[in-house]
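Numbering (UniProt numbering), first residue to last: 1 to 285.
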């Protein structure tokens, strides 16, 4: 293990004998720092092995007890050991869409080193669209068992989610069926909306959506699939007010009806095939 002070935590002197690590917030304050102790802090700033630390401390004239006490005081200022670090995101994210919002999300993920432009290899796909995600645009990812997250710009809001885990959560066909249950005209409306552009969202609303979508995508790569129900978030208003709801699989959708079941609905044959991992379904109307 390497002992290495985190360079992101600034070191400042409160007085000639007292050193402080961190300002906002203060992480720790070390009083009565001797010249030898100051040199030992410099060693930790450069990085030293756990076994080499006591030997260097001894060479600098720092007693074992003083070296151990300094290390305890600086514990929260050390970089985490590789084995204790949070899991790094696994895979890359494909962002699809030709809107400014899609470009903003893509730039954030680019800066984080998490974006791919190769449609053959994504671990997650972000589907950025105006008003509705067309069935053809998400059906392919469902059939390929690739998780996908819709980001949809509406008249005065941006909807993010649900994050579709093929075979595990509600799919976008479920979303369409739930909306149809509330408004029987929704299938006809959705078909018309797919050809219409949405108005440009308010800058604060767009910025909130970019941040939320990027966080959700990064968390999915880092933590894996959420075992809980899928969640749909809505960012509304000029200030980016956030609300949300859970989305359950719809009873009419094939994502909760194995196609080999004797009681599967006959119209299931007209829908796209299920993904290979258990439950999944087709596209919203």
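Glycine included, C-beta positions come from ideal geometry on N, C-alpha and C. Quick caveat, the model's predicted, so the values are computed rather than measured.
Residues of its chain near residue i, where Cβ-Cβ distance is below 6 angstroms and the 5 sequence neighbours each way are ignored
| i | result |
| --- | --- |
| residue 174 | 249, 250, 253 |
| residue 39 | 60 |
| residue 206 | 101 |
| residue 240 | 204, 205, 208 |
| residue 7 | none |
| residue 47 | 2, 4 |
| residue 103 | none |
Coarse secondary structure for residue i, derived from DSSP in three states
| i | result |
| --- | --- |
| residue 132 | coil |
| residue 52 | helix |
| residue 248 | coil |
| residue 93 | strand |
| residue 11 | strand |
| residue 75 | helix |
| residue 222 | helix |
| residue 241 | strand |
Beta-carbon gap between residue i and residue j smaller than 7 angstroms
| i | j | result |
| --- | --- | --- |
| residue 172 | residue 138 | yes |
| residue 79 | residue 44 | no |
| residue 300 | residue 210 | A query on residue 300 cannot be resolved here, the shown segment of the chain reaching from 1 to 285 and no further. |
| residue 69 | residue 3 | no |
| residue 128 | residue 99 | yes |
Same chain, Cβ closer than 8 angstroms to residue i, neighbours up to 5 away in sequence not counted
| i | result |
| --- | --- |
| residue 94 | 115, 116, 117, 118, 119, 122, 124, 125, 126 |
| residue 106 | 95, 115 |
| residue 17 | 31, 32, 33 |
| residue 195 | none |
Alpha carbon of residue i to alpha carbon of residue j, nearest angstrom
| i | j | result |
| --- | --- | --- |
| residue 255 | residue 131 | 24 angstroms |
| residue 181 | residue 75 | 57 angstroms |
| residue 29 | residue 12 | 10 angstroms |
| residue 197 | residue 169 | 29 angstroms |
| residue 73 | residue 66 | 11 angstroms |
| residue 151 | residue 201 | 13 angstroms |
Proximity winner among the options, relative to residue i (alpha-carbon distances)
| i | options | result |
| --- | --- | --- |
| residue 213 | 154, 181, 149 | 149 |
| residue 91 | 51, 222, 136 | 222 |
| residue 188 | 104, 229, 161, 134 | 134 |
| residue 164 | 185, 216, 113, 157 | 216 |
| residue 199 | 190, 225, 157 | 157 |
7 angstroms CB neighbourhood of residue i in its chain, flanking five on each side removed
| i | result |
| --- | --- |
| residue 177 | 250, 252, 253 |
| residue 84 | Any reading at residue 84 needs caution, since the residue's pLDDT is 49, under 50, leaving its predicted position unreliable; the model's value is listed next. Nothing listed; no residue qualifies. |
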